[in-house]
Amino acid sequence: MKLAGKTALVTGAGKGLGLEIARGLAENGAHVVLHGRKPAELKEAKRALEVVGAGVSVLVADLADEASTAAACHELVESRGSIDFLVNNAGARDRRPLDQLDRAAFRALLEVNLIAPFDLVRQLAPHMPDGGRIVNITSIAGQIARAGDPGYIATKGGLDALTRALAAELGHRAITVNAVAPGFFATEANAALVADKAIAERLSHRTSLGRWGVPKELVGAVVFLCSPEASFITGVTLPVDGGYLAHF
């Protein structure tokens, strides 16, 4: 129980990768605050974690809205006093090419994928003890590009850069800031890709391990970066992609 007595906020934790990350932190002793936009979904997630004896609370907020984010941060600090770990997992996706993605849609991606993590760190870092941990969930799309998805690629690349900037900014307090970049995981968000047999097989063949990841396979990297063993690691983006980036 290497994280016992610690408090972790995981954004976008109602389902998918976020819920699995929260489960992993809880199984290692942390009290987990599940963030999401849908109260009913969070209620089910909370119940699922409580079954395994985890300390869990929920935080409802729309991270695309500045006032909602500020209110959520205030509520969290009032209820928990401080926060040890922040996992910025919430994200938005808009798979439209350049000629179909207008300024408003691009800005909407920026709000959730880049501005929200910045704002959460800005508001919560003062309430973190020295030695706190911040983990941003980015994507391999932040490191490589393809046609047809400029908004997501740009915002995830920006989050990688923000990770390095925040590591430099907060290092004097021994707060580490790292990123985990998932490859292709079989989640609800990727359901359409998984359902398309040709695409699913092509992506499997492009991955060194020859398959898609399952959500629980992302958890170890996040738990490690929050652990005492990772105290001298900061400003790093760690791909968890089955060797996708390594496979030419």
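For the sequence shown, the numbering used here begins at 5 and goes up steadily by one.
Cβ atoms here follow ideal geometry from the backbone N, Cα and C, with glycine treated the same way.
- Only residues of its own chain outside the window of five on either side were considered, and among them none has a CB closer than 7 Å to the CB of D103.
- Scanning its chain for C-beta atoms nearer than 8 Å, with the 5 sequence neighbours on each side dropped, one finds around R215 the residues S208, G246, in chain order.
- In the structure shown, the three-state DSSP call for F89 is strand.
- Residues of the same chain with a CB within less than 8 Å of the CB of E24, apart from the 5 flanking positions on each side, are P219, K220, L222, V223 in chain order.
- Burial state of F189 is buried, judged by a 10 Å Cβ sphere holding 16 or more other Cβ atoms.
- About 11 Å separates the Cβ atoms of V36 and L46, ruling out a contact at the 8 Å cut-off.
- Per DSSP, A178 lies in no alpha helix (DSSP H) segment and is marked neither H nor E.
- For A96, the three-state secondary structure derived from DSSP is coil.
- In the three-state DSSP reduction, H251 falls in the coil class, being neither helix nor strand.
- Going by beta carbons, G18 and A49 fall inside the 8 Å limit.
- Look at V37 here: in three-state DSSP terms it is strand.
- In the structure shown, the three-state DSSP call for V240 is coil.
- Here N92 has T15, P121, N140 as same chain residues with Cβ atoms under 6 Å from its own Cβ, once five neighbours each way along the sequence are excluded.
- When the Cα atoms are used, K10 and A202 turn out to be separated by approximately 44 Å.
- Proximity to A65 across R111, G57, E79, G175 peaks at E79, based on C-alpha coordinates.
- In this chain, T191 is not harboured by any alpha helix (DSSP H), its DSSP state being neither H nor E.
- When only Cα atoms are considered, C230 and A30 end up about 12 Å apart.
- Rounded to whole angstroms, S86 and A58 show a C-alpha spacing of 19 Å.
- For T11, there is no enclosing alpha helix (DSSP H); the residue is part of the beta strand (DSSP E) that begins and ends at 11–14.
- For I25, the enclosing alpha helix (DSSP H) starts and ends at 20–31.
- Around the C-beta of F252, fewer than 16 other C-beta atoms lie within 10 Å, and the residue is accordingly described as exposed.
- Burial state of P232 is exposed, judged by a 10 Å Cβ sphere holding fewer than 16 other Cβ atoms.
- Under the three-state reduction of DSSP output, R150 falls in the coil class, being neither helix nor strand.
- In the DSSP annotation of this structure, the continuous segment of the alpha helix (DSSP H) that includes R84 starts and ends at 70–84.
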